[in-house]
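**Student:**
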Amino acid sequence: MATTGKRRVGPNGFQENPCGRSSIGLTATLFGLALLAGWMFSGGVSLGSAQEGKPIAQPQWSAEQLEFFEAKIRPVLVEKCYQCHSEDAKQLGGGLRVDTRAGLLEGGDSGAAIEPGKPRDSLLLLALKYEDEDYAMPPKSAGGKLPDNVIADFEKWIRQGAADPREGAAWVPDSGAGEEAKQWWAFQPLKVSPAPAVQQAAWPTSDLDRFVLAKLEAAGMQPNPDAEPTTLFRRLSFDLVGLPPDPQAARQFANDWIAAGTPSLRRELLAREVDRLLATPQFGERWGRYWLDVARYSESTGKDFNTLYPLAWRYRDYVIDAFNADLPYDQFVRQQVAGDLLEADSAAEKSQHLVATGFLAIGPKSLNEQMPRQFVVDMADEQIDAVTQSVLGLTVSCARCHDHKFDPISQKDYTALLGIFLSTETRYGTAGAVGGRNAGELLLLPDAEAVSHLKPQSREEIERKKQRLEDLREEQREAFAERQRSRREGNTTRTGASKRWRWGFGTSRPIAAA
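Here this note's numbering is used: position 360 in the sequence shown is 765, and no number is missing along the way.
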């Protein structure tokens with residue numbers, strides 16, 4: 406599917422194939438994980454680094470102007486302001502730094518602190534004069550309002566162009582704990598850890614065993630003896646497919662284990678049994694559920710108006726099939742966040758890629774939200790939360806409201822991601838209704854049959870259901886008219902037609918297809 410302009414994501418699709426039959430499909434689209442991760446960690450998003458302000462051109466000041474600054478302005482800033490508004494401040498007050506000229510010109514959370522030549526437009530002077538309690542500085546805890554002659558010096562300084570030879574950017578401190586946060590173990594590159602030496606060198610059969618045994622020996626403990634073959638067989642079955650083994654198969658495994666005799670032959674027997682279980686459909690059903698939990702899989706929207714995602718199950722089946730096919734993790738993730746952008750050798754493969762991006766379209770949605778802009782922003786926020794938690798292991802959506810306190814994630818990072826998600830049109834396939842103002846549409850699949858487990862419907866079946874829908878709508882119109890007549894006549898008794906309409910349309914109960 407070509408993607409021009411605004412992209413589209415969604416868990417549903419409708420495709421009419423050339424042979425005259427129609428089937429339901431799923432489609433979605435977003436950016437590539439490589440683009441996301443590479444952009445975030447290579448400069449597109451700043452993870453906890455100092456934000457360099459735009460270079461501020463230094464005008465030519467006279468010697469008298471510079472001498473006035475050094476004698477009258479800088480000492481006051483150092484004594485009264487640097488504690489809270491400088492590079493060395495423990496917590497930068499209001500995002501404002503006054504120990505550089507750029508910091509004063511670019512300002513903090515409230516905007517530029519000074520406007521050279523315009524004292525009345527300078528927030529710094531407003532704060533010094535105590536004209537607004539919200540901006541009054543220095544605070545009373547730091548000595549309160551400055552003497553009038555000092556304030557007059559600041560006003561003169563600003564009027565004459567705010568001469569200031571200090572260099573440096575309008576530095577914004579690292580989000581949260583800054584450099585300390587970047588030393589957290591989760592942000593460190595992977596490294597190879599050699600297996601430790603152990604005393605019982607004959608017990609381990611792998612490097613993993615050596616790590617386990619080293620901890621046991623350090624605690625003065627001994628490893629348990631090997632499990633009995635039937636116990637081992639049950640553990641394998643529960644671990645890999647989530648089901649107890651067939652009793653006859655368990656007995657056969659125990660007999661083969663005894664007959665194998667040597668450790669090497671038993672390892673071969675164990676490997677064959679593992680391969681057999683991995684090849685069963687139940688393996689994907691068991692282990693795919695863990696990812697579905699991470700992906701907040703559900704077949705309805707939840708929240709204020711709960712309605713079904715009619716074909717969310719396609720994404721569920723994609724996950725199960727991916728586990729059963731041993732799809733590499735990097736491909737698994739790319740398909741879910743960028744399926745529409747990936748190359749495909751066939752329409753069937755393209756359809757499967759699009760189904761994978763249903764990951765972005767499921768999830769809770771406030772369909773009753775009356776402000777469309779608020780709805781799409783909240784939906785993008787939920788998508789950011791799902792992607793970053795599942796793929797990056799970070800709750801980046803917290804930065805919607807504030808810089809992270811302990812992770813190097815800022816509101817700027819969040820807003821940069823939000824721009825990507827807001828450029829995406831999510832189509833999730835819900836019907837519009839009272840309480841469901843923000844309905845989602847369906848999208849096309851190039852080959853819906855390749856991903857559908859439902860029997861394709863013939864044209865005759867589709868036309869019959871369309872006619873049934875029109876009949877129900879006609880009943881609805883009749884019911885409305887009948888109720889209006891009853892009200893005019895003062896009759897509140899419901900007739901059969903109005904009762905049928907109320908059952909089918911006046912509640913949230915679904916109408917079964919004829």
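We treat Cβ as the ideally placed atom computed from N, Cα and C, and that holds for glycine.
Indicate whether A518 and L533 have their beta-carbon atoms separated by less than 8 Å.
**Tutor:** Residue numbering aside, residue 518 sits at position 113 when the sequence shown is read from its first letter. Residue numbering aside, residue 533 sits at position 128 when the sequence shown is read from its first letter. Going by C-beta atoms, A518 is not nearer than 8 Å to L533.
**Student:** If you run the structure through DSSP and keep just helix, strand and coil, what is G841?
**Tutor:** Within the sequence shown, numbered from 1, the residue matching residue 841 stands at position 436. G841 falls in the strand class under three-state DSSP.
**Student:** Per DSSP, which one or two residues make a beta bridge with L713?
**Tutor:** Here residue 713 is taken as the residue at index 308 of the sequence shown, counted from 1. Answer is S705.
**Student:** Report the residue from L713, T712, Q736 whose alpha carbon sits nearest the alpha carbon of Y723.
**Tutor:** Here residue 723 refers to the residue found at position 318 of the sequence shown. Taking only the C-alpha atoms, the option nearest Y723 is Q736.
**Student:** Taking only three categories from DSSP, how would you classify L848?
**Tutor:** Looking up residue 848 in the sequence shown gives position 443. Correct three-state label for L848: strand.
**Student:** On the CB-based measure, 16 or more other CB atoms within 10 Å of its CB, does G841 come out buried or exposed?
**Tutor:** By 1-based counting over the sequence shown, the position of residue 841 is 436. Buried, by the Cβ-count rule.
**Student:** So, with DSSP's three-state summary, where would you put Q516?
**Tutor:** Position 111 of the sequence shown, counted from the first residue, corresponds to residue 516. Per the sequence presented here, residue 516 reads as Gly, with Gln not at that position. Strand at G516.
**Student:** Could you check where the alpha helix (DSSP H) with W662 kicks off and where it finishes?
**Tutor:** Numbered from 1 along the sequence shown, position 257 holds the residue referred to as residue 662. That run of the alpha helix (DSSP H) goes 652–665.
**Student:** Smallest Cα separation from L822: which of R805, P650, V646, Y695?
**Tutor:** As a working note, residue 822 is residue 417 in the sequence shown. Ranking the options by Cα distance to L822, first place goes to R805.
**Student:** Using 8 Å as the threshold, is the stretch 789–797 in touch with the stretch 698–713, meaning 3 or more CB pairs across them?
**Tutor:** yes
**Student:** Taking A351 as the reference, which of E880, A568, Y535, K485 has the closest Cα?
**Tutor:** Since the first residue of the chain shown is 406 and the last is 919, residue 351 is not available in this structure.
**Student:** Check N629 in the structure and name its three-state DSSP category.
**Tutor:** By 1-based counting over the sequence shown, the position of residue 629 is 224. Looking at N629 - three-state DSSP - the assignment turns out to be coil, as it is neither helix nor strand.
**Student:** By DSSP, does M776 sit in helix, in strand, or in coil?
**Tutor:** Within the sequence shown, numbered from 1, the residue matching residue 776 stands at position 371. In this structure, M776 counts as coil in the three-state DSSP scheme.
**Student:** Express the C-alpha separation of Y833 and V782 in angstroms, rounding to a whole number.
**Tutor:** Position 377 of the sequence shown, counted from the start, is the residue given in the question as residue 782. Position 428 of the sequence shown, counted from the start, is the residue given in the question as residue 833. Looking at the two C-alpha atoms, the distance is approximately 16 Å.
**Student:** Taking Cβ to Cβ, would you say P630 is nearer than 8 Å to K755?
**Tutor:** To locate residue 630, count along the sequence shown from 1; it is residue 225. To locate residue 755, count along the sequence shown from 1; it is residue 350. No; because the gap between Cβ atoms is not below 8 Å, this pair is not in contact.
**Student:** Is it buried or exposed for R672, if we count other Cβ within 10 angstroms and need 16 for buried?
**Tutor:** Position 267 of the sequence shown, counted from the first residue, corresponds to residue 672. Burial call: exposed.
**Student:** Between the Cα of T835 and those of I767, Q593, I563, spot the shortest distance and give me the residue it belongs to.
**Tutor:** Along the sequence shown, one-based indexing puts residue 835 at 430. Nearest C-alpha to T835: I767.
**Student:** Determine the closest residue to E572 out of L509, P634, E538, W608, with distance taken between C-alpha atoms.
**Tutor:** For the purposes of this step, residue 572 is taken as the residue at position 167 of the sequence shown. E572 has its Cα closest to that of L509, out of L509, P634, E538, W608.
**Student:** What first and last residue would you give for the alpha helix (DSSP H) that runs through H490?
**Tutor:** For this step, residue 490 is matched to residue 85 along the sequence shown. No alpha helix (DSSP H) holds H490; DSSP gives it neither H nor E.
**Student:** Tell me which same chain residues have a C-beta within less than 6 Å of the C-beta of W466, skipping the five on either side of it?
**Tutor:** Locating residue 466 in the sequence shown gives position 61, where the first residue counts as 1. Closer than 6 Å at the Cβ level, and outside the excluded window around W466, lie A568.
**Student:** How close, in whole Å, do the beta carbons of G566 and P521 come, if the pair is a contact with beta carbons under 8 Å?
**Tutor:** Residue 566 sits at position 161 when you count from the first residue of the sequence shown. Residue 521 sits at position 116 when you count from the first residue of the sequence shown. That pair is a contact at about 5 Å.
**Student:** I'd like to know whether the C-beta atoms of L682 and L641 end up nearer to each other than 8 Å.
**Tutor:** As a working note, residue 682 is residue 277 in the sequence shown. As a working note, residue 641 is residue 236 in the sequence shown. Taking 8 Å as the Cβ cut-off, L682 and L641 qualify as a contacting pair.
**Student:** Quick one: what does DSSP say E536 is sitting in, helix, strand or coil?
**Tutor:** For the purposes of this step, residue 536 is taken as residue 131 along the sequence shown, with counting starting at 1. Coil at E536, not helix or strand.
**Student:** Rounded to whole angstroms, what's the CA-CA distance from A602 to P609? Just pull it up for me.
**Tutor:** Locating residue 602 in the sequence shown gives position 197, where the first residue counts as 1. Locating residue 609 in the sequence shown gives position 204, where the first residue counts as 1. If you take the alpha carbons of A602 and P609, they lie about 11 Å apart.
**Student:** Report the three-state DSSP secondary structure of F811 (helix, strand or coil).
**Tutor:** One-based indexing of the sequence shown puts residue 811 at position 406. In the structure shown, F811 sits in coil (DSSP, three-state: anything other than H, G, I, E or B).
**Student:** Starting from D726 and walking both ways along the alpha helix (DSSP H), at which residues does that stretch end?
**Tutor:** Position 321 of the sequence shown holds residue 726. Unbroken alpha helix (DSSP H) run through D726: 718–729.
**Student:** Going by alpha carbons, who is nearest to M784 out of A547, V679, L827, S546?
**Tutor:** Within the sequence shown, the letter at position 379 stands for residue 784. For M784, the nearest C-alpha among the options comes from L827.
**Student:** Please state whether DSSP places K523 in a helix, a strand or coil.
**Tutor:** Locating residue 523 in the sequence shown gives position 118, counting from the first residue. Coil.
**Student:** Near R656, what residues of its chain come up, given a Cβ to Cβ distance below 6 Å and the 5 sequence neighbours on each side ignored?
**Tutor:** By one-based count along the sequence shown, residue 656 stands at place 251. Closer than 6 Å at Cβ, skipping near neighbours: no residue.
**Student:** Am I right that K810 and P769 are in contact with their C-beta atoms under 8 Å? What's the rounded C-beta distance?
**Tutor:** Counting from 1 along the sequence shown, the entry for residue 810 is found at position 405. Counting from 1 along the sequence shown, the entry for residue 769 is found at position 364. The pair is not a contact, with the Cβ atoms about 25 Å apart (cut-off 8 Å).
**Student:** Please report the distance separating the alpha-carbon of T667 from that of A624.
**Tutor:** As a position in the sequence shown, residue 667 is number 262, starting the count at 1. As a position in the sequence shown, residue 624 is number 219, starting the count at 1. Taking the straight line from one Cα to the other gives about 31 Å.
**Student:** Return helix, strand or coil for A607, following the three-state DSSP convention.
**Tutor:** Here the question's residue 607 lines up with position 202 in the sequence shown. Judged by DSSP in its simplified three-state form, A607 adopts coil rather than helix or strand.
**Student:** I need the straight-line Cα distance from P464 to E536, nearest angstrom please.
**Tutor:** On the sequence shown, position 59 is the one that residue 464 refers to. On the sequence shown, position 131 is the one that residue 536 refers to. The alpha-carbon atoms of P464 and E536 are separated by roughly 30 Å.
**Student:** Taking the C-alpha atoms as reference points, what is the distance between G516 and D526?
**Tutor:** Here residue 516 corresponds to residue number 111 of the sequence shown, with the count starting at 1. Here residue 526 corresponds to residue number 121 of the sequence shown, with the count starting at 1. Whole-angstrom Cα-Cα distance: 11 Å.
**Student:** Please report the distance separating the alpha-carbon of S771 from that of R719.
**Tutor:** Counted from its first residue, the sequence shown places residue 771 at position 366. Counted from its first residue, the sequence shown places residue 719 at position 314. Taking the straight line joining both Cα atoms gives about 22 Å.
**Student:** H758: which of R893, R739, F638, A717 sits nearest, CA to CA?
**Tutor:** The sequence position of residue 758 within the sequence shown is 353, counting from 1. When only C-alpha atoms are compared, the closest one is R739.
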